[in-house]
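The structure under discussion appears below in the form of structure tokens.
Residue numbers (our numbering): 7 to 341.
What follows is the structure, given as structure tokens:
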């Protein structure tokens, strides 16, 4: 299976979508996700204490890198140690920092245009979300969405010098703006496709409002995990992965103490799982990236079902209204 990246063109404008929003008259389908065992006690305490308002949200951003593999659409997933609001296994990303809101060389829609699409409170927050997504992807994978102008993108993203720069950016010893300025590069924000925002359930001690974007890996680039933090990352066929529902294949493949012998659903947040299902409904990477979406803000709520604590998410059943989770995971015999 080739590691060759793909480039599908730039997003020049981001007009506000005219797609309808969910309404009370729309038929709804409840979807339940098991609360991971490591979080069951927190969910129980939250409910028993009256399910008060959750803790404040921190802003985060994540990039869903996609490509066409030998047997279908593939996605880049990484493993996170500890209890991360983004999930144990997730897409490259992380917390947005104050430095992400600082001026940076920029190609693509203006922060005001991004604000209209991402539904942030102001243009500065939109700027930070977009810049943070590109920075986090670069730190974690080495994939750099930047070029000297709107017609170019850097083709090489490996080497010891760049790894050192990534480590310094991750440690806060250097900013992304400094790194780009020294090399005469600008952020290619027009390469990002906005997907959705998922907020952590109220019971979580650490909560995030995660901005998800999608992107193809620029030609000539390949991912390389950050030396000081990365422990596992891999391109996986989306449909084949979802076919392992209820199985421990992925956790055993990662081989960490916190993943081994755990079923797929214990490793993924509802947001990550829903995005994977959306990917599985696309025939190829270009088709997925070309879809027009209205960015929705989604959150699963903790509920008690037959004595078990679950995460409930309700989405409309009518197709084409907004991105929704499918009622069942894809199996290998699905077409």
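Where is the CB? At the ideal position from N, CA and C, for every residue including glycine.
The model shown is predicted, which means the values in this text are computed figures rather than measured ones.
Note to self: Let me check one thing: in DSSP terms, what residues is residue 318 bridge-paired to?
What the structure shows: According to DSSP, residue 318 bridges with 38 and 307.
Note to self: Determine whether the beta carbon atoms of residue 295 and residue 306 lie at a separation below 8 Å.
What the structure shows: no
Note to self: Can you look up residue 208 in the DSSP assignment and give me helix, strand or coil?
What the structure shows: coil
Next item on the list: Out of 43, 225 and 117, point me to the one whose CA is closest to residue 195's CA.
Entry: 117
Note to self: Rounding to the nearest angstrom, what Cα-Cα distance links residue 132 and residue 126 in this structure?
What the structure shows: 6 Å
Notebook entry, point to check: Would DSSP call residue 261 helix, strand or coil?
Noted result: coil
Check: Would residue 106 be called buried (16 or more neighbouring beta carbons within 10 Å of its own) or exposed?
Finding: buried
Check: Across which residues does DSSP place residue 96 in a beta bridge pair?
Finding: 84
Checklist line | Inter-residue Cα distance where the pair is residue 302 and residue 190 | finding: 35 Å
Note to self: Can you look up residue 188 in the DSSP assignment and give me helix, strand or coil?
What the structure shows: helix
Next item on the list: State buried or exposed for residue 109, treating a residue as buried only when at least 16 other CB atoms are found within 10 Å of its CB.
Entry: exposed
Checklist line | 8 Å contact criterion, which residue 137 and residue 193 should meet: CB distance rounded | finding: Contact flag correct, Cβ pair sits at about 6 Å.
Check: Considering only residues of the same chain and omitting the five flanking positions on each side of residue 89, which have a CB-CB separation below 7 Å?
Finding: 44
Next item on the list: Please list, in chain order, all residues of the same chain as residue 174 whose beta carbon is under 6 Å from its beta carbon, the five residues on each side excluded.
Entry: So the list reads 180, once near-sequence residues are dropped.
Check: By how many angstroms is the C-alpha of residue 313 removed from the C-alpha of residue 140?
Finding: Annotation: residue 140 to residue 313 spans about 42 Å, alpha carbon to alpha carbon.
Item checked: residue 233 versus residue 218: straight-line alpha-carbon distance, rounded -> Roughly 24 Å between the two C-alpha positions.
Note to self: For a test of the three-state rule: what should DSSP assign to residue 172, helix, strand or coil?
What the structure shows: Residue 172: helix per DSSP, three-state reduction.
Next item on the list: Run the CB neighbour count on residue 99, radius 10 Å, all protein chains shown included, and call it buried at 16 or more, exposed below.
Entry: Its Cβ being crowded by 16 or more others within 10 Å, residue 99 is buried.
Notebook entry, point to check: Taking all protein chains shown into account, do 16 or more other C-beta atoms lie within 10 angstroms of the C-beta of residue 33, making it buried, or fewer, making it exposed?
Noted result: At residue 33 the pLDDT is 40, less than 50, meaning the model places this residue with poor confidence and gives no usable figure here.
Notebook entry, point to check: Can you pull the DSSP bridge partners for residue 216?
Noted result: DSSP output for residue 216 lists 66 and 204 as bridge partner(s).
Check: What's the call for residue 46, buried or exposed, on a 16-neighbour Cβ count within 10 Å?
Finding: exposed
Next item on the list: Kindly examine the ligand SAM and report whether one of its heavy atoms sits closer than 7 Å to the Cβ of residue 297.
Entry: With respect to the ligand SAM, the structure offers nothing, as it holds no ligand at all.
Notebook entry, point to check: Counting pairs of beta carbons, one from the region 154 to 162 and one from the region 233 to 246, are three or more of them closer than 8 Å?
Noted result: no
Notebook entry, point to check: Buried or exposed: which applies to residue 87, given that a residue is buried once 16 or more other Cβ atoms fall within 10 Å of its Cβ?
Noted result: exposed
Next item on the list: In the DSSP assignment, find the unbroken alpha helix (DSSP H) run with residue 270 in it and report its ends.
Entry: Where residue 270 is concerned, the enclosing alpha helix (DSSP H) stretches over 270 to 273.
Check: residue 310 and residue 53 look like a contact to me (Cβ under 8 Å); what is the Cβ gap, rounded to whole Å?
Finding: 6 Å
Checklist line | Reduced DSSP category for residue 238 - H, G, I as helix; E, B as strand; rest coil | finding: coil
Notebook entry, point to check: Do the CB positions of residue 92 and residue 216 come within less than 8 Å of each other?
Noted result: Taking 8 Å as the Cβ cut-off, residue 92 and residue 216 qualify as a contacting pair.
Next item on the list: Could you say which of 37, 38 and 60 lies nearest to residue 48 if we only look at CA atoms?
Entry: 60
Notebook entry, point to check: Any idea if residue 289 is buried or exposed, counting beta-carbon neighbours within 10 angstroms, 16 or more meaning buried?
Noted result: exposed
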